[in-house]
Amino acid sequence: MAFVVFAGQSNMGGLYMDVSTLPAAWSPSPLTQIWDSQSKSWVEMQPGVNTGYAGQPNTWGPEVQFAIDFRAAFPNEVLHIVKEVDGGTPLNQDTVAWHYDWSPNSQDELFARTASLISDASASLGGAHPTAVFWGQGEEDGNTAAAAQAYGDNLSAFFTAVRAQWMADPTGKIGYFQIDTTTPHAADVRAGEVRVDQADPNAASFDTAGYPLQGDNLHYAAGGYTAAGDNFFQLYDAWRQAGALPPDTPPGSSSGQTLTSHQYADTLSGGAGADTLNAGQGPDLLTGGAGADSFVFAQLPWNAGHVSDFAVGADRLDLSALLAASGYQGSDPVADGYVSFVADGNGGTEVLYDTDGRASGATVQYRITDLDHVAPGGLTWAQLSTAPSPPAGGGGTGGPPGQVLTSHQYADTLSGGAGADTLNAGQGPDLLTGGAGGDSFVFAQLPWNAGHVSDFAVGVDHLDLSALLAASGYQGSDPVADGYVSFVADGNGGTEVLYDTDGRASGATVQYRITDLDHVAPNGLTWAQLSSGAAPSPPAEGGGGTGGTGGQSGQVLTSASYGDHLAGGAGADTLNAGQGPDSLTGGAGADRFVFAQLPWNAGHVTDFTPGTDTLDLRALFQAAGYQGSDPLADHRLEFRADGSGSTQVYFDADGNGANSQWPTLITTLDGVAPSQIGAGDWLFR
Numbered sequence: 001m002a003f004v005v006f007a008g009q010s011n012m013g014g015l016y017m018d019v020s021t022l023p024a025a026w027s028p029s030p031l032t033q034i035w036d037s038q039s040k041s042w043v044e045m046q047p048g049v050n051t052g053y054a055g056q057p058n059t060w061g062p063e064v065q066f067a068i069d070f071r072a073a074f075p076n077e078v079l080h081i082v083k084e085v086d087g088g089t090p091l092n093q094d095t096v097a098w099h100y101d102w103s104p105n106s107q108d109e110l111f112a113r114t115a116s117l118i119s120d121a122s123a124s125l126g127g128a129h130p131t132a133v134f135w136g137q138g139e140e141d142g143n144t145a146a147a148a149q150a151y152g153d154n155l156s157a158f159f160t161a162v163r164a165q166w167m168a169d170p171t172g173k174i175g176y177f178q179i180d181t182t183t184p185h186a187a188d189v190r191a192g193e194v195r196v197d198q199a200d201p202n203a204a205s206f207d208t209a210g211y212p213l214q215g216d217n218l219h220y221a222a223g224g225y226t227a228a229g230d231n232f233f234q235l236y237d238a239w240r241q242a243g244a245l246p247p248d249t250p251p252g253s254s255s256g257q258t259l260t261s262h263q264y265a266d267t268l269s270g271g272a273g274a275d276t277l278n279a280g281q282g283p284d285l286l287t288g289g290a291g292a293d294s295f296v297f298a299q300l301p302w303n304a305g306h307v308s309d310f311a312v313g314a315d316r317l318d319l320s321a322l323l324a325a326s327g328y329q330g331s332d333p334v335a336d337g338y339v340s341f342v343a344d345g346n347g348g349t350e351v352l353y354d355t356d357g358r359a360s361g362a363t364v365q366y367r368i369t370d371l372d373h374v375a376p377g378g379l380t381w382a383q384l385s386t387a388p389s390p391p392a393g394g395g396g397t398g399g400p401p402g403q404v405l406t407s408h409q410y411a412d413t414l415s416g417g418a419g420a421d422t423l424n425a426g427q428g429p430d431l432l433t434g435g436a437g438g439d440s441f442v443f444a445q446l447p448w449n450a451g452h453v454s455d456f457a458v459g460v461d462h463l464d465l466s467a468l469l470a471a472s473g474y475q476g477s478d479p480v481a482d483g484y485v486s487f488v489a490d491g492n493g494g495t496e497v498l499y500d501t502d503g504r505a506s507g508a509t510v511q512y513r514i515t516d517l518d519h520v521a522p523n524g525l526t527w528a529q530l531s532s533g534a535a536p537s538p539p540a541e542g543g544g545g546t547g548g549t550g551g552q553s554g555q556v557l558t559s560a561s562y563g564d565h566l567a568g569g570a571g572a573d574t575l576n577a578g579q580g581p582d583s584l585t586g587g588a589g590a591d592r593f594v595f596a597q598l599p600w601n602a603g604h605v606t607d608f609t610p611g612t613d614t615l616d617l618r619a620l621f622q623a624a625g626y627q628g629s630d631p632l633a634d635h636r637l638e639f640r641a642d643g644s645g646s647t648q649v650y651f652d653a654d655g656n657g658a659n660s661q662w663p664t665l666i667t668t669l670d671g672v673a674p675s676q677i678g679a680g681d682w683l684f685r
């Protein structure tokens, strides 16, 4: 599978294109899928029907030629595309309320909207992240001198945020085009695009000057869109052939994975190994791929779907949950009337289910699924239900105690035995189960997409991050205290383990999720407990710690993830915000809310109390080199009413200077009017 994103303004959207201008080589395929934000589902891409954007629903853009090239190169792979386009939108932050921009600093605008789309699409693919992003924008910035001159810096910051928030990969590959020369300040924009290409080893661009244009001398003609799509694919293919992309992630050509339908009419596609595909109650399309796959139907469908590639004698149809719900105790539900097979009229087999078999109580037979290309003649229950034998020597479930298990594929499942096992995680969302004994869970590389440890026993098992710490040059004894490792509640009673490659240094701002320790609360956890099997100490009253919600008084809480929630207790707490939309709640006491970096997307302080609490902006003013005595008069700081009874806090690094056109929103103080804020409520030095 490929999972890619196309984003930008109207030259990425395909303005004025329609079905009549499609490339002759276009051919529809159910393997070419595009994300439908309305239904929140993947649908077959139909250019000119579902490839448009706001105000232009019937257009198509570079994604069409990209899909044509992809299908020619990888005819049997699923291609998933997320497309988000808005015409006439700049990258430079625009504070006009009705005018959207792509700046990561603009709250709830295009950057955040796209992040939300990708998050929804990712969840439907079992947590897979995009392996490449394709960007096409800059014409709007080319209309004004200041925005054009800032474009290179803005683009570099944008790509950093894209990798952190859209891709979850600090080295994610981004392809983009250099705009045409027709806007007034295009030369400055193009110069910025070239600088980023030269400085960023994981970004690559191509020049569109000379592409055929339409009559407005701004938007590409059909030939321009196809040329751009072809160039985007050439970048993708080169990265892929060089091994520079993460492995094809679920639901594509990975093996041994478990895929679950999360929506009506989902599409699940397995890979090369023994995959498990859990159907929902809608018309799901299930494709196992190579390997001995299991297709699980735990509920009666409302509307049945299809299994596209069921291999009789290799794959398995699992109706065990349905049979258990019927109270069935036999060995052949076909012979006993619970399951039957009927020709579907297209060379396939409809699988029907009767909830009480041959009894007379229930007369309705439910269609469970359609096995495409499998004729019903001669089919038996044994042929469809026999579980395939596990692969020999693989990285799946373990056996003898004291064994070493290593993930060999994306989203592997490793299960130890009764002894002191070693489970070596890969870079995908592996599910690790140590079993009995003092087990070691080893993470030698930063994951592309983190998984879970299902049974970590604090004080018994061992979390081994020694390779990551060595790669960071860490020489200390407590990476938690030194800011390299932190623990955050996952919202389900477990703990997310986060890793910062340079600890408390300012160079790297992204924290990587290493794994999730199921059923282990973060309160009171120490590095000694996880790394050496020391017995846990009782959590401090009220909980708390780095990241997540806290409780005890006088504590220091630090945002450890994008969009974190920090909650103080009854004392004078310090809440250190991150660069995402954090929600900060100080609780009782004189609390300090610290903003040491400009946010990508600002959050809220939910309970700021003027005259008691303090907004600490000293690091921002120090970084800006501010030497004045009145940031308000110098236009460095502004408290602005948001129209809903709250106050937006804006920071401008150079005030009325020429280098920063727009101030940055730092946070919103909920329920506080600007007139309530006094000089003693904030710190700047």
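Note that the sequence shown covers residues 1 to 685 in UniProt numbering. All residues carry an ideal CB built from backbone N, CA and C; glycine is no exception.
Proximity winner among the options, relative to residue i (alpha-carbon distances)
i             : options                        : result
glycine 288   : Thr95, Gly87, Val78            : Val78
glycine 305   : Asp275, Ala588, Tyr264, Ala292 : Tyr264
valine 85     : Phe70, Ala54, Val64            : Ala54
glutamine 403 : Asn202, Asn424, Val453, Ile666 : Asn424
histidine 80  : Ser29, Glu109, Pro90, Gly48    : Ser29
leucine 155   : Thr276, Leu117, Ala112, Asp200 : Asp200
proline 522   : Ala505, Thr501, Gly491         : Gly491
histidine 604 : Thr668, Gly571, Gly655, Gly483 : Thr668
proline 301   : Asp315, Ala321, Ala311, Gly586 : Ala321
glycine 643   : Phe621, Leu637, Gly671         : Gly671
glutamine 214 : Val5, His635, Leu15, Ala653    : Leu15
glutamine 46  : Gly680, Thr59, Gly243          : Thr59
threonine 181 : Pro581, Leu218, Gln198, Gln676 : Leu218
residue 686   : Ser294, Thr267, Leu268, Thr260 : Given that the chain is displayed from residue 1 to residue 685, the structure contains no residue 686 and the question cannot be resolved.
alanine 602   : Phe159, Leu617, Val649, Gly127 : Val649
valine 374    : Leu317, Gly337, Thr422         : Leu317
asparagine 76 : His565, Asp613, Asp309         : Asp309
residue 688   : Arg358, Asp354, Gly378, Ser415 : What is shown of the chain runs 1 to 685, which leaves residue 688 out entirely.
arginine 685  : Gly628, Ala641, Ala567, Gly678 : Gly628
leucine 575   : Ala436, Ala444, Leu446, Leu615 : Leu615
Under the three-state DSSP convention, the category residue i falls into
i              : result
aspartate 354  : strand
isoleucine 118 : helix
glycine 628    : coil
serine 10      : helix
glutamine 555  : coil
glycine 543    : Annotation note: pLDDT 31 at glycine 543 (below 50); position unreliable, no value reported.
valine 19      : helix
arginine 513   : strand
glutamine 365  : strand
glycine 395    : Its pLDDT being 38, under 50, glycine 395 is placed unreliably by the model, and nothing is read from it.
serine 106     : coil
serine 486     : strand
alanine 290    : coil
glycine 680    : helix
alanine 470    : helix
arginine 685   : coil
DSSP beta-bridge partners of residue i
i                 : result
phenylalanine 651 : Leu637, Thr664
tryptophan 35     : Trp42
leucine 431       : Thr413, His452
proline 440       : Note that residue 440 corresponds to serine in the displayed sequence, not to proline. Answer by DSSP bridge pairing, in chain order: Thr422, His462.
alanine 2         : Leu79
leucine 669       : Val605, Thr647
residue 687       : No answer is possible for residue 687: it lies beyond the span of the chain, which begins at 1 and ends at 685.
Integer Cβ distance of residue i from residue j, believed to fall under 8 Å
i              : j              : result
alanine 228    : glycine 142    : Going by Cβ atoms, the distance from alanine 228 to glycine 142 rounds to 17 Å, so no, they are not a contact pair.
glutamine 257  : glutamate 140  : With a Cβ gap of about 42 Å, glutamine 257 and glutamate 140 do not count as contacting.
glycine 13     : glutamine 56   : 6 Å
valine 351     : tryptophan 381 : So it is not a contact: roughly 11 Å between Cβ atoms.
methionine 17  : serine 269     : So it is not a contact: roughly 29 Å between Cβ atoms.
histidine 462  : serine 531     : 6 Å
isoleucine 179 : alanine 186    : 6 Å
Could you name each continuous alpha helix (DSSP H) segment of 4 residues or more that falls completely within the segment 212–286, going from the start of the chain to the end? Taking only runs of at least 4 residues, the alpha helix (DSSP H) segments lying wholly in the segment 212–286 are 222–241.
Any chance you could list the beta strand (DSSP E) runs of at least 3 consecutive residues sitting entirely within the segment 309–344, in chain order? Counting whole runs of 3 or more residues, the segment 309–344 contains the beta strand (DSSP E) stretches 316–318, 339–343.
My parser needs the beta strand (DSSP E) runs of 3 or more residues fully inside the segment 134–219; what are they? Every beta strand (DSSP E) of 3 residues or more that sits fully in the segment 134–219 is shown, in chain order, as 173–178, 203–207.
Which complete alpha helix (DSSP H) runs does the segment 46–84 hold, if anything under 4 residues is left out? With a minimum length of 4 residues, the continuous alpha helix (DSSP H) runs that stay inside the segment 46–84 are 63–73.
Ranges of the beta strand (DSSP E) found wholly within the segment 566–634, counting only runs of at least 3: Taken in chain order, the complete beta strand (DSSP E) segments of 3 or more residues contained in the segment 566–634 are 574–576, 583–585, 592–594, 603–605, 614–616.
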